[in-house]
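Counting from 1063, one number per residue, gives the positions in the sequence shown under our numbering.
Cβ atoms here follow ideal geometry from the backbone N, Cα and C, with glycine treated the same way.
Here the structure comes first, spelled out in structure tokens, and everything after it is commentary.
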Amino acid sequence: MSSVPFPVSSPVRADVWLWAARFFKTRSLAKQAIDGGKIDLNDASCKPAKAVQVGDVFRISRGEERLEVEVLALSDKRGPAPAAQALYRESEASVKAREEAKAQRKLVGAMAPPGRPDKQARRELRRLKDSM
């Protein structure tokens, strides 16, 4: 038995596949991302009804996250997360880039002040702004 919940042999719409692979919570969100230019299929722009086949490569942009995934299996039904992960394989370069971006965000977050400035810090900021 395959780990993919409902495998299909015929091509599947891009928005349906992205939804079934759990990149987006709803099919309409997947369609909006495609229409917004956040999704590329095989190094070209994509349309929601574009037929996806095994071996195709998606470039997905979600917020600050950039993913490059290869289609391993097709499904037009949304299944559990482990089954959805069997539908694709993320490239090594994509994994490495995401890890580096995560580390960069962590460093930037560590340099930020811990929270809202207190009364004394607000006075210092005001003095600094007034002196400029």
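Query: The region 1073–1082 / the region 1105–1112 touching (three or more Cβ pairs under 8 angstroms); Result: yes
Query: Cβ separation of S1156 and A1082, assumed to be a contact under 8 angstroms, to the nearest whole Å; Result: Incorrect: roughly 20 angstroms between the Cβ atoms, too far for contact.
Query: Cβ neighbour criterion (16 or more within 10 Å) applied to K1164; Result: exposed
Query: Endpoints, beta strand (DSSP E) assigned at S1156; Result: Careful: S1156 lies outside any beta strand (DSSP E), inside the alpha helix (DSSP H) at 1154–1173.
Query: Burial state of M1063, where buried means 16 or more other Cβ atoms lie within 10 Å; Result: Note that M1063 scores a pLDDT of 46, beneath 50, so its modelled location is shaky; the value from the coordinates is reported in the next line. M1063 is exposed by the Cβ-count criterion.
Query: Cβ-Cβ distance between E1130 and R1121 below 8 angstroms; Result: yes
Query: Cβ-Cβ separation, A1135 to A1148 (assumed contact under 8 angstroms), whole Å; Result: 6 angstroms
Query: Backbone CA spacing between V1133 and E1126 [nearest angstrom]; Result: 22 angstroms
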